[in-house]
Structures are given as structure tokens and as C-alpha cells.
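The structure under discussion appears below in the form of C-alpha cells.
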Amino acid sequence: MKLQTTLLALCAAAAVADIVPEGGNPEIVGGTEVPVGQFKYITGLRGGSATSGSRCGGTLIAPKYVLTAAHCVKGFKIDYAAVGTHYTSGGADGERIRVVKAISHPKWTSAEMHYDFGILELERASKETPVTLSFDDDTSNAPGVVAKVRGWGTTSSGGSQSKVLLEVGVKVWANDQCAKNLDGIHESMICAGGVKGQDSCQGDSGGPLTATKNGKEVQIGVVSWGEGCALANKPGVYSRLSYGKDFIAPYLTKSSFRSTANPQEG
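Here the sequence shown stands for residues -17 to -1, 1 to 249, numbered as in mature numbering (1 follows the signal peptide of the UniProt record, and there is no 0).
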């Protein structure tokens, strides 16, 4: 896989280009604002002060643990998790909790971006309800499914970061088809999008890819990398949760674990 020169708009500012895939880490292009107070498991990852701008996204998966991308925990010093906030910075809503430990998947490397999963341990438990995870490869992440991606990333490639939480629908691709359009596609990845003007973009990295399963929204992927943003036939690339089960599951509470699939690491 070709290495990109920026993680996100914010990643570039943090000068961590050496670990980011080419094209930038995603934000939301062509999306709409999420209603305030919805999806409060979504978490902004902040460096320096508790009210500074989010550098990556994440999801609360248990009261003291946040799931994000490995390239986020390796690329930035993440000091605070802003859980349940609608805004990319400030302290108007949500909880701002200090991060005490960051762990990346042992199989992740910046050269290939396989298994792009990271875990953050929080200083104290959040009061918000964790997201439900799906570790199954089934109809929820099958090719053709329209999934949702949410974040505070840039609204165009190299553009300005959104001040509020945005979302956009992206259609899941079959991996063999995706590999015809992008280099470096691995079985631990999900491709989604590829419609001009609608995508995740710089600044969305680590955030959730979600879909509907049995009438309930579940997380099926983690924003990882892409070539540019919102280009026709260039889908965004997400880490597939079914390939992170062995790494992620030990941090879960029973209330957030919804899967009967066997682990598929390796």
C-alpha cells in the first residue's frame, strides 16, 4: 500500500505523516449534521487540553475503554477522550476524561495498515451507554449494504474540519472488487463509499462505521485510510471488526458485546 502524506487535516498539523496511509485519514464529505444528543458513544480524541480540537474519532465500547484506530494511538499523544460531545472542541457538552493508556493491535504496521485497531483506557468510567459491536461477517456488512460513517473530519480533501458531528451513508463493496480500484486491500478491511462527493475524509480516522442488524445499529468497522476523499470509485477503507475480535473482546462489558462469530484473527 502506498503511504499517504497526511492522516487528517489535523494529522498533517501534528506532523505524523510517516505513519499515515496515502490519501489521508477520513472526515465526512457530503454529509449532514447529526442531531444533537444522538450517538453519544462517539468520542473525540484530543491532545493537550481537554477542550482542544479532536485529532481522531473513537467509540465508547465499555465504561472505561474507547475503540479507535492504531494509527491514531501511534501517531498522536492522546490526552483526553471527549465522550458524547457534538462538537469538535470546547466543553459545551459531553464528558472529557483523561486517557491513561493507549494500546495498538500487535499485528498493525504503518506500512500495510492491516488490523488498524487501537484501545484507549480512561481514567474513570464514562456515564454514556457503549456502542454495540458486531464481530460477525453477515448481512450487516455484506456488499451492497448502506452503512453510516460519522465524525468531525474535513468536509473536503485538505479542507477545514467540521465544527459539529456529521454523518454520511456509504455502500459496502466486496473486497475483490475494491482491490481492483485500490492497492493494499487486505481481508481485515472493509471498503465502503466510492460515490463522488460522499465519503469520510481527513480527521475521521478511528471513528465508527455502523450498520443495522436486527433493527439495531451496530458498529462493523473503524475508519482507517483512503486515497483522497469522496472520489468516484475510490471507496474509503475501514478495519473489519470481525478481524479484531480477539484484541477487542477482553475490554468489553456484556452489555456491549453482541456476537456469535468465531474469532478470525490471523
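From the three backbone atoms N, C-alpha and C, an ideal C-beta is built for every residue, glycine too.
Values in this document were obtained by computation on a predicted structure and should not be read as measured data.
By the DSSP assignment, the beta strand (DSSP E) with G204 in it spans what residues?
Looking at the DSSP string, the run of the beta strand (DSSP E) that includes G204 is K199 to W208.
Candidates T51, Q144 and A64: which alpha carbon is nearest Q202's?
Checking every option, the nearest Cα to that of Q202 belongs to T51.
Consult DSSP for G167 and reduce its assignment to one of helix, strand or coil.
Note: G167 maps to coil in three-state DSSP.
Could you give the residue range of the alpha helix (DSSP H) that holds A53?
Run containing A53: A53 to G58, per the alpha helix (DSSP H) assignment.
Which of the three DSSP states is assigned to A130 in this structure?
Residue state, collapsed to three classes: strand.
Cβ atoms of G177 and Y98: under 8 Å apart, would you say?
No, they are not a contact pair.
Would you kindly check if the distance between the Cβ of I102 and the Cβ of I86 is under 8 Å?
Result yes, Cβ atoms of I86 and I102 sit closer than 8 Å.
Just how far apart, CA to CA, sit V128 and Y221?
Rounded to the nearest angstrom, the two C-alpha atoms are 14 Å apart.
Please list the terminal residues of the continuous beta strand (DSSP E) segment that includes I25.
Segment I25 to R29, the beta strand (DSSP E) holding I25.
Would you tell me roughly how many angstroms separate the C-alpha atoms of E150 and F100, rounded to the nearest one?
When rounded, the distance between both Cα atoms is 21 Å.
Can you have a look at A(-5) and say buried or exposed, based on whether 16 or more other CB atoms are within 10 angstroms of its CB?
For A(-5), the predicted structure reports a pLDDT of 30, less than 50, and the residue's modelled location is therefore unreliable. A value from the coordinates is still provided. The residue is exposed, with fewer than 16 neighbouring Cβ atoms inside 10 Å.
Along the chain, where does the alpha helix (DSSP H) containing K228 start, and where does it finish?
K228 -> alpha helix (DSSP H) spans K228 to I231.
Report buried or exposed for Q144, applying the criterion of at least 16 other Cβ atoms within 10 angstroms of its Cβ.
Buried, by the Cβ-count rule.
Over what stretch of residues does the alpha helix (DSSP H) that includes D121 continue unbroken?
Counting along the chain, D121 falls outside any alpha helix (DSSP H), and DSSP gives it neither H nor E.
Count the other CB atoms within 10 Å of the CB of K15; is the residue buried (16 or more) or exposed (fewer)?
According to the sequence as given, residue 15 is Thr; it is not Lys. Result: exposed.
Tell me the rounded alpha-carbon separation between G27 and D121.
Those two C-alpha atoms are separated by around 29 Å.
Give the DSSP bridge partners of A175, in chain order.
A175 pairs with V155 and G219.
So E95 and G20 are in contact, right, with Cβ under 8 Å, and what is the actual spacing, rounded?
No, E95 and G20 are not in contact; Cβ-Cβ is about 38 Å, not under 8 Å.
Under 8 Å, do G40 and G134 count as touching if we go by C-beta distance?
Yes, they are a contact pair.
I'd like the span of the beta strand (DSSP E) that includes V66, first residue to last.
Start and end: Y63 to V66.
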